[in-house]
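Mind the numbering: the sequence shown is residues 6 to 204 in my numbering, read in order. Glycine residues also receive a C-beta, built at the ideal position from the N, C-alpha and C atoms. What follows is one structure encoded as structure tokens, with my remarks underneath.
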Amino acid sequence: MLGLCRNVFGSGYSLKQSRWEKEGGWQLTGKTVGIIGCGYVGSDVIKLLAPLQCTLLICDIIEKPEFCQEHNATQTSLENLIAESDVVSLHVPLTSLTAKMVDKSFLDKMKPTAYLVNTCRGDVVDQGALKSALMQGDIAGAALDVFAEEPPTDEEFLSLPNLTGTPHIGGNAKEAVEAMGRSAINHLVSFFGNPPEKS
6 MLGLCRNVFG SGYSLKQSRW EKEGGWQLTG KTVGIIGCGY VGSDVIKLLA PLQCTLLICD
66 IIEKPEFCQE HNATQTSLEN LIAESDVVSL HVPLTSLTAK MVDKSFLDKM KPTAYLVNTC
126 RGDVVDQGAL KSALMQGDIA GAALDVFAEE PPTDEEFLSL PNLTGTPHIG GNAKEAVEAM
186 GRSAINHLVS FFGNPPEKS
């Protein structure tokens with residue numbers, strides 16, 4: 006999110022092409038960030054944003070008044086979140102309700118200066134609609150760690166200068182993989198009658 010806003014990826018790519026382009030983007034501090042899906046990951050993102058003094062909007066199927074009060078966030082409608090946010094970050098499971106929820110209508114409601122971040126499931130976004138929005142400048146840019154097809158084969162989409170993509174590495178940090186392994190082992194041990202190790 007920070008790299009996207011500050012144009013870290015685009016300017017780094019330009020430099021590798023021997024182009025000295027110093028467009029520095031904008032600071033995330035003080036901007037409005039919309040979090041769609043406030044489960045474990047979405048709530049952790051909100052906590053990480055605390056030092057940046059962002060205006061935090063959340064949209065979730067569960068009312069979260071205590072969480073919002075504790076983290077100075079506002080729960081709002083999906084429509085208001087889309088229209089008001091400088092960054093829209095997706096943290097929902099893939100269900101019949103969320104499949105292709107980010108479609109042309111959704112993207113048309115975003116600010117033309119706004120960014121979309123998707124680290125949840127590729128099919129939550131209509132990739133064709135996003136491609137069109139990026140190509141036409143309807144939104145400023147997008148960062149995706151997940152795709153409808155993995156690995157993606159649409160080279161035109163991947164080459165867009167206002168798209169930053171990574172190959173589904175969100176949960177692949179060494180520490181995260183080790184923690185998942187420890188958790189699985191501890192739950193198995195607990196299931197068979199022994200207390201889990203403290204980690």
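Give me the Cβ distance between residue i and residue j, rounded to the nearest whole Å; I'm assuming they're in contact under 8 Å.
i	j	result
H76	G42	Contact doesn't hold; Cβ gap of about 15 Å is too wide.
T258	D91	Because residue 258 is not part of the residues shown, which for the chain are 6 to 204, the question remains open.
G35	C59	7 Å
I144	L121	6 Å
V38	S94	7 Å
L139	L165	5 Å
L61	L54	6 Å
According to DSSP, what are the bridge partners of residue i?
i	result
Y120	V92 and G146
G170	L149
V130	V107
Below 6 Å CB to CB, which residues in the same chain sit around residue i once its five sequence neighbours on both sides are set aside?
i	result
Q205	Summary: the structure shown does not reach residue 205, with the chain confined to residues 6 through 204, and so no result is reported for it.
G30	C10, R11 and N12
I63	I40, C43, A78 and Q80
V240	Lying before the first or after the last residue shown, residue 240 is absent from the chain, which here runs from 6 to 204.
S19	E26
If I measure Cβ to Cβ from residue i and keep anything under 7 Å in the same chain, skipping five residues before and after, which residues do I get?
i	result
F111	I87
V151	N123, T124, C125, R126, G127 and H173
L99	R126, D128 and V129
For residue i, which residues from the same chain have a beta carbon less than 8 Å from its beta carbon, with the 5 sequence-adjacent residues on both sides left out?
i	result
P70	Q80
L7	V13 and L33
E161	K136
V182	G176
Whether or not the region 46-56 and the region 180-195 are in contact is what I'm after, with contact meaning three or more pairs of Cβ atoms, one per stretch, closer than 8 Å; do they touch? no
Quick check on the DSSP output: what are the complete beta strand (DSSP E) runs of length 3 or more inside the region 33-111, in order along the chain? 37-41, 60-64, 78-80 and 92-95
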